[in-house]
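Below is one structure, written out as structure tokens; comments come after it.
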Amino acid sequence: PKTHRVMTLADHISHIITQDFARNK
Amino acid sequence: ACPVSGAERTSQEIWESFSQCFTPAVKEVVEFAKGIPGFQELSQQDQVMLLKSGTFQVLMVRFCTLFNAEERTVTFLNGQTYPLSTLRALGMSSLLDAMFEFSEKLGSLGLEPDEMALFMAVVLVSADRSGISDMRAVEQLQEGLIRALRSLITRRRPDDTTLFSKLLLRLPDLRTLNNLHSDKLLAFRID
Numbered sequence: 001p002k003t004h005r006v007m008t009l010a011d012h013i014s015h016i017i018t019q020d021f022a023r024n025k
Numbered sequence: 026a027c028p029v030s031g032a033e034r035t036s037q038e039i040w041e042s043f044s045q046c047f048t049p050a051v052k053e054v055v056e057f058a059k060g061i062p063g064f065q066e067l068s069q070q071d072q073v074m075l076l077k078s079g080t081f082q083v084l085m086v087r088f089c090t091l092f093n094a095e096e097r098t099v100t101f102l103n104g105q106t107y108p109l110s111t112l113r114a115l116g117m118s119s120l121l122d123a124m125f126e127f128s129e130k131l132g133s134l135g136l137e138p139d140e141m142a143l144f145m146a147v148v149l150v151s152a153d154r155s156g157i158s159d160m161r162a163v164e165q166l167q168e169g170l171i172r173a174l175r176s177l178i179t180r181r182r183p184d185d186t187t188l189f190s191k192l193l194l195r196l197p198d199l200r201t202l203n204n205l206h207s208d209k210l211l212a213f214r215i216d
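First to last, the protein sequences are chains A and B. Okay, so the first sequence: first residue is 1 according to this note's numbering, each after it adds one. Okay, so the second sequence: first residue is 26 according to this note's numbering, each after it adds one.
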């Protein structure tokens, strides 16, 4: 089932950026 | 505010369609930033800091063309168009009103795609700098990009002496948009 997470736009952006830089280390 | 709407299915669909477009759009800003000459010379920490504080503002510039002021509609990146009234029901009306106003002002400047891209680079490196370790390096990068933007615009429109300053005046608008809206609660569906 789809999990429904509530977060702010700013947190969502930070999360994606952190993930991207961690992946490309 | 959390989205509230009578037609449960449509608001859910709209949120999913928004979320599906939003994540790739953020990733595209990250790739865009890595292409800015000099950006990758900054420390990784400073690159991450600038992206965290500037990405929302870059997206606002990028989304400008999706806001049709005359018809009061918004087209998501997946091509679906929604009337403003439908989106208002999702509880984002103040952000939407601000976006319509901002996109009208930026749109009226009639920038070419490459000028818009250079402006987005300036927006990113002009973002909030709390947490930046090498301030001097970021300032030098910003100065270089602003110089490039000014020379591109003045070369193309030698007789229009106000366009460049009008463009820089959009930066505080973007900062306000960011401060008012990026910390708003939004529900995202994550598989």
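Glycine included, every Cβ here is placed at the ideal spot set by N, Cα and C.
N-terminal and C-terminal residue of the beta strand (DSSP E) that residue i is part of
i	result
T106 (chain B)	T106 to P108
T100 (chain B)	T98 to T100
Any C-beta of chain A under 8 Å from that of residue i
i	result
L149 (chain B)	no
L202 (chain B)	no
S207 (chain B)	yes
T186 (chain B)	no
A26 (chain B)	Low per-residue confidence applies at A26 (chain B): pLDDT is 33, beneath 50, and the placement is therefore not dependable enough to give any value.
Q69 (chain B)	yes
F81 (chain B)	yes
V55 (chain B)	yes
L76 (chain B)	yes
T48 (chain B)	yes
V86 (chain B)	no
K191 (chain B)	no
V163 (chain B)	no
V73 (chain B)	yes
V99 (chain B)	no
Integer-rounded CB distance, given that residue j should sit under 8 Å from residue i
i	j	result
L177 (chain B)	E140 (chain B)	6 Å
G222 (chain B)	G169 (chain B)	No information on residue 222 (chain B) is available, as it lies outside the stretch 26 to 216 that chain B covers here.
I171 (chain B)	V148 (chain B)	11 Å between Cβ atoms; not a contact.
T187 (chain B)	I13 (chain A)	Incorrect: roughly 33 Å between the Cβ atoms, too far for contact.
Any C-beta of chain B under 8 Å from that of residue i
i	result
D20 (chain A)	yes
I13 (chain A)	yes
Outcome for residue i when other beta-carbon atoms lying within 10 angstroms are tallied against a minimum of 16
i	result
M160 (chain B)	exposed
F156 (chain B)	Sequence inspection shows Gly at residue 156 (chain B); the Phe mentioned does not correspond to that position. With fewer than 16 other Cβ atoms within 10 Å, it is exposed.
V54 (chain B)	buried
N203 (chain B)	buried
T90 (chain B)	exposed
A58 (chain B)	buried
R97 (chain B)	exposed
K25 (chain A)	exposed
D216 (chain B)	Only weak support exists for where D216 (chain B) lies, its pLDDT of 47 falling under 50; the coordinates are left without a value.
DSSP beta-bridge partners of residue i
i	result
F21 (chain A)	DSSP output for F21 (chain A) lists no bridge partner at all.
F92 (chain B)	B:V99
Opening and closing residue of the alpha helix (DSSP H) in which residue i lies
i	result
F6 (chain B)	No information on residue 6 (chain B) is available, as it lies outside the stretch 26 to 216 that chain B covers here.
L149 (chain B)	P138 to V150
F127 (chain B)	S118 to G132
E168 (chain B)	M160 to R181
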